[in-house]
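> Chain order of the listed sequences is A and B. The opening position of the first sequence corresponds to residue 567 in our numbering, with each subsequent residue numbered one higher. The opening position of the second sequence corresponds to residue 8 in our numbering, with each subsequent residue numbered one higher. Think of the CB as a built atom: it goes at the ideal place given N, C-alpha and C, for glycine as much as any other residue. Have a look at the structure that comes next, please.
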Amino acid sequence: MLTLTLREQPTVPLETEGLSPDRLATCQRSEVEALTVWDGNRRAQVGDFFALSGETGEELRVEGDLRRVKFLGAGMTAGRLTIAGDAGMHTGAGMRGGELVVEGAVGDFAGVGMRGGRLVVEGSAGHHLGGARQGERAGMRGGEIFVHGDAGDQVGAGLRRGLIAVAGRMGDVAGLRMLAGTIVALGGLGARPGAGMRRGSIVAMSPVTLLPTFALANTYRPPFLRLYLRHLRALGLPVTDEQIEGSYARWSGDGVDLRRGEILVLESERALA
Amino acid sequence: MRLADAEVVDTFAEAFPMWAARIVITAENSGWAGTAARSLTGFATSVIGCKCEAGIERVLDRSETPDGRPGVNALLFAPDRDGLAKRLVERVGQTVLTCPTTACFSGLEGEETVDVGGQLRFFGDGYQASKVLDGRRYWRVPVMEGEFLVQERFAVAEGVAGGNIIMLGRDSASALRAAEAAAAAMRSVRDVIMPFPGGIARSGSKVGSRYSGLMASTNDELCPTLRAQVPDTKVPAGVNSVFEIVIDGLTVEAVSEAMAVGLEAATRSGASHVTAGNYGGDLGPYHIALKDLVGEAQED
Numbered sequence: 567m568l569t570l571t572l573r574e575q576p577t578v579p580l581e582t583e584g585l586s587p588d589r590l591a592t593c594q595r596s597e598v599e600a601l602t603v604w605d606g607n608r609r610a611q612v613g614d615f616f617a618l619s620g621e622t623g624e625e626l627r628v629e630g631d632l633r634r635v636k637f638l639g640a641g642m643t644a645g646r647l648t649i650a651g652d653a654g655m656h657t658g659a660g661m662r663g664g665e666l667v668v669e670g671a672v673g674d675f676a677g678v679g680m681r682g683g684r685l686v687v688e689g690s691a692g693h694h695l696g697g698a699r700q701g702e703r704a705g706m707r708g709g710e711i712f713v714h715g716d717a718g719d720q721v722g723a724g725l726r727r728g729l730i731a732v733a734g735r736m737g738d739v740a741g742l743r744m745l746a747g748t749i750v751a752l753g754g755l756g757a758r759p760g761a762g763m764r765r766g767s768i769v770a771m772s773p774v775t776l777l778p779t780f781a782l783a784n785t786y787r788p789p790f791l792r793l794y795l796r797h798l799r800a801l802g803l804p805v806t807d808e809q810i811e812g813s814y815a816r817w818s819g820d821g822v823d824l825r826r827g828e829i830l831v832l833e834s835e836r837a838l839a
Numbered sequence: 008m009r010l011a012d013a014e015v016v017d018t019f020a021e022a023f024p025m026w027a028a029r030i031v032i033t034a035e036n037s038g039w040a041g042t043a044a045r046s047l048t049g050f051a052t053s054v055i056g057c058k059c060e061a062g063i064e065r066v067l068d069r070s071e072t073p074d075g076r077p078g079v080n081a082l083l084f085a086p087d088r089d090g091l092a093k094r095l096v097e098r099v100g101q102t103v104l105t106c107p108t109t110a111c112f113s114g115l116e117g118e119e120t121v122d123v124g125g126q127l128r129f130f131g132d133g134y135q136a137s138k139v140l141d142g143r144r145y146w147r148v149p150v151m152e153g154e155f156l157v158q159e160r161f162a163v164a165e166g167v168a169g170g171n172i173i174m175l176g177r178d179s180a181s182a183l184r185a186a187e188a189a190a191a192a193m194r195s196v197r198d199v200i201m202p203f204p205g206g207i208a209r210s211g212s213k214v215g216s217r218y219s220g221l222m223a224s225t226n227d228e229l230c231p232t233l234r235a236q237v238p239d240t241k242v243p244a245g246v247n248s249v250f251e252i253v254i255d256g257l258t259v260e261a262v263s264e265a266m267a268v269g270l271e272a273a274t275r276s277g278a279s280h281v282t283a284g285n286y287g288g289d290l291g292p293y294h295i296a297l298k299d300l301v302g303e304a305q306e307d
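This is the structure:
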């Protein structure tokens, strides 16, 4: 396993697009040190900022105070990248495969435009988690994002495919204009979830105030949800038996668009009855 | 050869390849899962008249099913891949989709797959929705009860059909007792089914008939009532009833194991003789010799 240790926090954001295990797997250490990073608007090399140890392979570990390091693991297609601590913006953006584990928190735009693979954030995430790249209509197109802490606003905006699950609280407008896919809010949802959604599912485990353009369909136990929640529990997210066995109110929306989406809200009392 | 109380004929069962799928049915309780599985596997005793052969493989614990509900594994066999796909769509559509509280999943893994849920989704008339989890697509079909969940693609594999043992007895009761014991023992073997009613066929067949257009007809050589009429009868003196158990499995090893445990049980439970059916060795590539199974039983 190759370990990159940031020597000191950069004074301006450091963009590290391409620092991913699949790209580095076949490189010599000297080649890794010579890879381009952007220190603000100045072209620099990996070796200017990071100390290297270990051997290149399918696993990569990045250590240090990385809060100002952006695009870590962006575009990765395979392998495993572990970020020991907090990471900056655009972490895992455009991922296509592999597993990226952040042992701390991530900044805004984590996992935007993701197409595959798995992004695990053991801390909290900023805004636009799994959302769309700037200027694009569709957001995440595949893969999985799991956040063990909280997440900011606009989680899964424009989501087209894939799964986003947040153990803590999600901010406002989760699933904004989402096209499909699944968002699971295990710890609460902010205001206006699903605004403008066309299709897809948002699952809320606690009461939520919905837009008036959502209409109640029924209360039932969605069979697919059992698969999803068991999957999340197997991956270490805090899913309870009550959530797996419980009944959910199905709200269809958004009425300003197709009304083919759904927000499923756990009905605790019914589940316990 | 003697094994326990029976004479085992030195012959072999002739089995042949068939395409197979495993269907996992789950439901709110084991009762409904079983009901759906019995409907799914009903009228599927032989490809001769049913286009497929199917049976319940085993009951599943909650911990073994994809959605954590009680379930049942069924196996379905058909002569070719396309035929298997058609039978799956027909049967899952008519017997599982319609059955209260059920969901349906592929029980095999593999590259070779056929479209099942992707066809059944059209029942949703445009209101169906799909979900992709762990690389697998599932279809949510709205139904009056709520929602039917079905996996889009079912893995299929080349299995083995036509494994068999034939139990002969001094009378109908003892022959049936032997067959029942054999079938019960075989149910403990994974990856196999016995497609006939209760696992047992009383009407083993031979290929062809004196009547044109009939693919199969009664196995006259093993009909006790014809013992005095059929010149090459294989019914020994004193035998008055014969039953057959046909075994289809995912592998020849599983079929052989089922035959071995069935043979052993039959020889201890009333059979006077045990034999097996074949076509002279010309039809199927798998020849499972009873003497090998007897050897295994004696070693145990």
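Should Val15/B and Leu297/B be called a contact, given that it needs their Cβ atoms to be closer than 7 Å?
One-based indexing of the second sequence puts residue 15/B at position 8. One-based indexing of the second sequence puts residue 297/B at position 290. Yes, Cβ-Cβ distance for Val15/B and Leu297/B is below 7 Å.
> State the DSSP-derived secondary structure class of Asp605/A, mapped to helix, strand or coil.
To locate residue 605/A, count along the first sequence from 1; it is residue 39. Note: Asp605/A maps to strand in three-state DSSP.
> Between the beta-carbon of Asp289/B and the beta-carbon of Glu60/B, is there less than 7 Å?
Looking up residue 289/B in the second sequence gives position 282. Looking up residue 60/B in the second sequence gives position 53. Taking 7 Å as the Cβ cut-off, Asp289/B and Glu60/B do not qualify as a contacting pair.
> Output yes or no for whether 7 Å exceeds the beta carbon distance between Gly673/A and Gly654/A.
For the purposes of this step, residue 673/A is taken as the residue at position 107 of the first sequence. For the purposes of this step, residue 654/A is taken as the residue at position 88 of the first sequence. Contact flag set, yes.
> So which residues on chain B does Arg684/A lean against when the C-beta distance must stay under 8 Å?
The residue labelled residue 684/A in the question sits at position 118 within the first sequence. Going along chain B, no residue has its Cβ under 8 Å from Arg684/A, so there is no contact; the nearest lies around 10 Å.
> Using the C-alpha atoms, what's the distance from Leu830/A back to Pro804/A?
Taking the first sequence and counting its residues from 1, the one referred to as residue 804/A is at position 238. Taking the first sequence and counting its residues from 1, the one referred to as residue 830/A is at position 264. Cα to Cα, Pro804/A sits roughly 18 Å from Leu830/A.
> Tell me, to the nearest whole angstrom, how far the beta carbon of Gly507/A is from that of Val635/A; I am working on the premise that it is less than 8 Å.
Chain A is shown from 567 up to 839; residue 507/A falls before or after that span and cannot be answered.
> From Gly269/B to Leu10/B, what distance separates their C-alpha atoms?
Residue 269/B sits at position 262 when you count from the first residue of the second sequence. Residue 10/B sits at position 3 when you count from the first residue of the second sequence. Rounded to the nearest angstrom, the two C-alpha atoms are 12 Å apart.
> May I ask which residues mark the beginning and end of the alpha helix (DSSP H) holding Thr274/B?
The sequence position of residue 274/B within the second sequence is 267, counting from 1. Looking at the DSSP string, the run of the alpha helix (DSSP H) that includes Thr274/B is Val259 to Thr274.
> Compile a chain-ordered list of the residues in the region 586–609 of chain A whose CB is closer than 8 Å to at least one CB of chain B.
Those would be none; no residue qualifies.
> Can you list, in chain order, the residues of its chain with a C-beta nearer than 8 Å to that of Ala208/B? Leave out the 5 residues immediately preceding and following it.
Numbered from its first residue, the second sequence carries residue 208/B at position 201. Answer for Ala208/B: Thr52, Phe250, Glu251, Ile252 and Val253, listed in chain order.
> Could you check where the alpha helix (DSSP H) with Ser46/B kicks off and where it finishes?
Translated into positions along the second sequence, residue 46/B becomes position 39. Run containing Ser46/B: Ser37 to Leu47, per the alpha helix (DSSP H) assignment.
> Any residues in the region 101–127 of chain B with a beta carbon nearer than 8 Å to a beta carbon of chain A? Which ones, in chain order?
For the region 101–127 of chain B, which is checked against every Cβ of chain A, the residues closer than 8 Å are Ala110.
> Apart from the five residues just before and just after Ala837/A, which ones in its own chain have a Cβ nearer than 6 Å to its Cβ?
The residue labelled residue 837/A in the question sits at position 271 within the first sequence. Note that Ala837/A has pLDDT 41, beneath the 50 cutoff, so the model's placement of it is unreliable and the number below is only indicative. Answer for Ala837/A: Glu808, Gly812 and Ser813, listed in chain order.
> Can Glu599/A and Val612/A be called in contact, C-beta distance under 7 Å?
The residue you call residue 599/A lines up with position 33 of the first sequence. The residue you call residue 612/A lines up with position 46 of the first sequence. Yes, the Cβ-Cβ distance between Glu599/A and Val612/A is below 7 Å.
> Tell me, please, which residues DSSP counts as bridged to Cys111/B.
To locate residue 111/B, count along the second sequence from 1; it is residue 104. According to DSSP, which records beta bridges pairwise, Cys111/B is partnered with Ile32/B and Val157/B.
> Determine which residues of the region 144–176 of chain B have a Cβ less than 7 Å from any Cβ of chain A, and write them out in chain order.
Residues Tyr145, Arg147, Gly153, Glu154 and Leu156.
> Which residues, taken in chain order from the region 64–87 of chain B, show a beta carbon closer than 8 Å to some beta carbon of chain A?
Under the 8 Å Cβ criterion, the region 64–87 of chain B contributes Pro73, Asp74, Gly75 and Arg76.
> So Thr657/A and Leu638/A are supposed to be a Cβ contact under 8 Å. How far apart are they, rounded?
Position 91 of the first sequence, counting from 1, holds the residue named residue 657/A. Position 72 of the first sequence, counting from 1, holds the residue named residue 638/A. Contact holds; Cβ gap of about 5 Å.
> Is there a Cβ from chain A that is less than 7 Å from the Cβ of Leu140/B?
What you label residue 140/B is simply residue 133 of the second sequence in a count that begins at 1. It does; some Cβ of chain A falls within 7 Å.
> Need the endpoints of the alpha helix (DSSP H) that Gly697/A sits in, please.
Indexing the first sequence from 1 puts residue 697/A at position 131. Looking at the DSSP string, Gly697/A is not in any alpha helix (DSSP H), and its letter there is neither H nor E.
> Exposed or buried, what is Asn36/B when buried is set at 16 or more other beta-carbons lying within 10 Å of its beta-carbon?
Stepping through the second sequence from its first residue, residue 36/B is reached at position 29. Asn36/B should be labelled exposed.
> Where does Gly724/A land, buried or exposed, given buried means 16+ other C-beta within 10 angstroms?
In the first sequence, residue 724/A corresponds to position 158, counting from 1. The residue in question, Gly724/A, is buried, as its Cβ has 16 or more Cβ neighbours within 10 Å.
> Counting only Cβ pairs nearer than 8 Å, list the residues of chain D close to Ala34/B.
The structure shown contains no chain D; its protein chains are A and B.
> Tell me the DSSP secondary structure of Pro231/B in three-state form.
Position 224 of the second sequence, counted from the start, is the residue given in the question as residue 231/B. Residue state, collapsed to three classes: helix.
> Taking Glu303/B as part of the alpha helix (DSSP H), name the residues at either end of that continuous run.
Within the second sequence, numbered from 1, the residue matching residue 303/B stands at position 296. Start and end: Leu297 to Glu306.
> Name, going along the chain, the residues of the region 755–776 of chain A whose beta-carbon falls closer than 8 Å to a beta-carbon of chain B.
So the close ones are Arg765 and Ser767.
> Could you name the residues of chain B that Phe712/A contacts, counting a contact when the two beta carbons are closer than 8 Å?
Working through the first sequence from its first residue, we reach residue 712/A at position 146. By Cβ distance, chain B contributes nothing, its closest Cβ being about 13 Å from Phe712/A, past 8 Å.
> Could you tell me which chain B residues have their CB closer than 8 Å to the CB of Ile810/A, listed as they occur along the chain?
Locating residue 810/A in the first sequence gives position 244, counting from the first residue. Within 8 Å Cβ-Cβ: Gly75.
> If we count the other Cβ atoms within 10 Å of its Cβ and call it buried at 16 or more, is Pro778/A buried or exposed?
Within the first sequence, numbered from 1, the residue matching residue 778/A stands at position 212. Exposed, by the Cβ-count rule.
> Just checking: is the beta-carbon of Pro789/A within a distance shorter than 7 Å of some beta-carbon in chain B?
Here residue 789/A is taken as the residue at index 223 of the first sequence, counted from 1. Chain B, which has a Cβ nearer than 7 Å to the Cβ of Pro789/A, makes this yes.
> Please classify Pro292/B as buried or exposed, where buried requires at least 16 other C-beta atoms within 10 Å of its C-beta.
Residue 292/B sits at position 285 when you count from the first residue of the second sequence. Classification for Pro292/B: exposed.
> Here's a check: name, in chain order, each residue in its chain whose Cβ is nearer than 8 Å to the Cβ of Trp26/B, leaving out the five neighbours to either side.
Taking the first residue of the second sequence as 1, we reach residue 26/B at position 19. Phe84, Ala85, Pro86, Asp87, Arg88, Gly90, Leu91, Val163, Ala164, Glu165 and Gly166.
> My understanding is that Val262/B touches Gly114/B, with C-beta atoms under 8 Å, so please give their C-beta distance in whole angstroms.
For the purposes of this step, residue 262/B is identified with residue 255 of the second sequence, where counting begins at 1. For the purposes of this step, residue 114/B is identified with residue 107 of the second sequence, where counting begins at 1. No, Val262/B and Gly114/B are not in contact; Cβ-Cβ is about 18 Å, not under 8 Å.
> Answer yes or no: does any C-beta atom of chain B fall closer than 7 Å to that of Tyr814/A?
Here residue 814/A refers to the residue found at position 248 of the first sequence. Output row for Tyr814/A: interface = no.
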